[in-house]
Structure formats: structure tokens, C-alpha cells
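Counting from 299, one number per residue, gives the positions in the sequence shown under the working numbering.
Backbone N, C-alpha and C fix where the C-beta goes; we use that ideal spot for every residue, glycine too.
Quick caveat, the model's predicted, so the values are computed rather than measured.
Take a look at the structure below.
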Amino acid sequence: MSETIQPVQENKPARKKVIFSGIQPTGVMTLGNYLGAIKNWVTLQEEYHCVYSIVNMHAITVRQDPQKLRQNTLEAYALILACGIDPEKSIAFIQSHVKTHAELTWVLNCFTQFGELSRMTQFKDKSARYADNINAGLFDYPVLMAADILLYQADLVPVGIDQKQHLELSRDIAQRFNGVYGNVFTVPDAYIPKAGAKIMSLSEPTKKMSKSDSNPNAFISILDKPEQIIKKFKRAVTDSEMEVAYREGKDGINNLMTIYSVVTGKSFDEIQNEFAGKGYGDFKVAVGEAVAEHLRPVREKFDALIKDKAYLEECYAKGAERALAISQRTLDKVYKKVGFLK
């Protein structure tokens, strides 16, 4: 099957821009993953040509249990569909099913400087955390990320603050290659949503919410049961004041207001007015109930999808076929430019 993004034609509307994003299959997503990334993915597919991937090749930079990785990959794919990614509207696939990602990475390695990779802060952080396994893949991770993006001629990449440095490297690699061989790659820009871009820990609101947190009350899994969600929000760290207001120095309340705003659509002013004269206890319960209700259809759809392995396989196989058709075109052009025989 052949698929392409249609070019701009005379008297026709301008083509939709292309967005690429990926998520690692490292267990059940947190509320932070959902509100900061996946929820935005769902909205973006209405306005853009979206390419979404479960990036399981990135996951093996850290040692994985093979059986668990397969299960996590399938669950991550089911979860993005449960969250609202439509495999008919968007290209949704598993990274290792599309060979062009590994193939383009090698070429891009030859256009990436050692010094650039050694300056990546995430490599430094992970090297300290996984000192017994500082492998070449961990070092080279940003080049695979660049290949992920550039293969689809992505105009925009939704990224959090922690991935912005990697996107800058992708831009540098694209510009360097284009400078030698002409206009081969689209140089991608960051797409950073204004609200809910960074959801913080419920127990330490100066830290990003993470499922690796040793305190289970610090994060919400999007498959947590309603009673678990409400209980965790009741225990959320706030401050010694009693005013629900968004301002500097109120990290816990600011985080809860951000979450409540994203799931309800209410502005910070509306939230402040809603809880004027009320205590933090009422506010935390309201946030917990709103989040539990917001996630209810996701939980229900996931439970149905994960039981239907045949449907999931059909979706990710079709997604891989569509992804390969587009990415192979880019790779063929790159191979020709660098001088490889057809």
C-alpha cells in the first residue's frame, strides 16, 4: 500500500502539517503522561496528519525483561487507543515493526558529533542512575529519536521540557544533512501545549510526576480505580495557607489547579471562585472525583481492547504498513543522496 502526505496544490487548502510523537512502553501511564502528552495527541489528530509510535526500541537502552516488554508494548498500544487515538485518523504503530527507524539512525549517526551527544543532559542523568550499564544505545538514543521524527518529515513534535534538548539536536542534524545534500528533511519545531504540559508529583510538587517514584501516593496511574484516585488526591501535599489560588510558592495547589483545569476545562480564575471560602480538603476531593470521572471511559475501553488481541494486531499491523510506506520514501531519498546503490 502506498501513502503520502499530499503537497499543496493550486486552489486547494494548504496541506495539514505533520506531527510525530512517541511514548515508551514502560508500564502503565501516569496521569502526567496522559494530561501532558496523550490527551493532547487526541486533540491534535483533528487538525494535523499525526504519526504516533510506541517506541519500544528506545526502551531497551535499559535492560528489560523480554516477556514484560512484549506485554507492556501491547498494553501501551491498547492504552493510546483507549485514550482516543483513532487508528483510522492517525498512523499508530510499534517502532520495532518499521525497519526504517534503525536504518536511518545509522546514516544520521554519521552526521552527529560525539560532543553533541555527550552534552545531552538526559544521558548524564541516566548514566548516573544506570552506572552498571552505560551502553552505546543509551548514548545514541537522541539519534534514534531524530530518525523517528525526520522519517515522517514532521513539522511539529509535541515535547516536554525534558525532551526539548533532544529535539534541538534533531533540528541540528536535519539542517546539517540539508546543508550538504539539499532540502531532504523538514526541520521540525516543538509543539508545547500551554496547559498541563508538566504534571507534578502529588507528594513532592516540585518534582515531575513519575511512576518510578518510590511513594505510590505520588502518582496516579490512568488505570487506577476511582477510590484509589480520590484517596491519593486526599493525601496530596499542599501548603499551610487555606486559599485555592495559583501563585508562586504554592507548588502543590498550583499542580492541583493545573490538573483540575485540564480535566474540567475551567480557567484558574473560575477554579479560584468555585472554591473561595472552602478548605483544601473540599478542593482535593473535587480534583480526585473529576480525575476519576475523566479517566472512567479510558479504563473501560482499555479493559475491552486488551481482551481483543486480534483487533489490536490488525490495528498495529496496518499502522506499521502505513508508517513503512511513508518512511521508506524518505529513507530511499537519503540513501540516494549519500551515494548508496539502489
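When the Cα atoms are used, Tyr-609 and Tyr-375 turn out to be separated by approximately 11 angstroms. Lys-582 and Leu-554 do touch by the CB rule: their CB atoms are close to 7 angstroms apart, below 8 angstroms.
In chain order, Val-457 place their CB closer than 7 angstroms to the CB of Ile-490, counting only its own chain and leaving out the 5 sequence neighbours on each side.
The region 333-377 is shown to contain whole beta strand (DSSP E) runs of 3 or more residues at 347-352, in chain order.
By the Cβ test, the region 550-568 is in contact with the region 582-600, since at least three Cβ pairs between them sit closer than 8 angstroms. In the DSSP assignment, Pro-456 falls within the beta strand (DSSP E) that extends over 454-456. Rounded to whole angstroms, the separation of the alpha carbons of Tyr-614 and Phe-600 is 15 angstroms. DSSP places Asp-487 in the strand class (E or B) of the three-state scheme.
Sorting Asn-476, Val-478 and Ser-468 by C-alpha distance to the C-alpha of Ala-488 places Ser-468 at the top. Between Val-535 and Ser-501, the C-beta gap is smaller than 8 angstroms, which places the two residues in contact. Here the alpha carbons of Arg-620 and Asp-606 stand approximately 22 angstroms from one another. DSSP, read as helix, strand or coil, puts Ser-319 in strand. Rounded to whole angstroms, the gap between the alpha carbons of Asp-630 and Tyr-544 is 51 angstroms.
Unbroken alpha helix (DSSP H) runs of no fewer than 4 residues, entirely contained in the region 530-593, are found at 549-562 and 566-572, following chain order. If the five residues before and after Gly-577 are omitted, its C-beta is found closer than 8 angstroms to the C-beta atoms of Met-540, all from its own chain and listed in chain order. Here Leu-454 really is in contact with Ile-317; their C-beta atoms are around 5 angstroms apart, less than 8 angstroms. In summary, Asp-363 is exposed, with fewer than 16 beta-carbon neighbours lying within 10 Å of its beta-carbon over all protein chains present.
DSSP places Lys-634 within a helical segment (H, G or I) once states are collapsed to three. Beta-bridge pairing by DSSP links Thr-328 to Ser-519. Secondary structure at Phe-409: coil, using DSSP grouped into helix, strand and coil. Contact between the region 462-482 and the region 428-437 is not established, with fewer than three Cβ pairs separated by less than 8 angstroms.
Here DSSP, grouped into helix, strand and coil, assigns Met-498 to strand. If you draw a straight line from the Cα of Ala-602 to the Cα of Gln-365, it comes to about 22 angstroms. Non-local C-beta neighbours of Phe-475 in its own chain, meaning closer than 7 angstroms and more than five positions away in sequence, comprise Phe-409, Val-482 and Phe-483, ordered along the chain.
Sequence-distant Cβ neighbours of Val-485 in its own chain, meaning closer than 7 angstroms and more than five residues away, are Arg-469, Ala-472 and Gln-473. In the displayed model, Lys-506 falls within a strand according to three-state DSSP. At the C-beta level, Leu-622 and Thr-398 come within 8 angstroms of one another.
For Gln-393, the closest C-alpha among the options Glu-401, Glu-386 and Lys-387 is that of Glu-401.
Annotated three-state conformation of Ile-528 is helix, per DSSP. When Gly-480, Val-340, Lys-314 and Val-326 are compared, the shortest CA-CA separation from Leu-521 is found for Val-326.
DSSP places Ile-432 in the coil class of the three-state scheme, outside both helix and strand. For Ile-392, the enclosing beta strand (DSSP E) stretches over residues 389-392. Between Leu-329 and Ile-447, the alpha-carbon positions lie close to 25 angstroms from each other.
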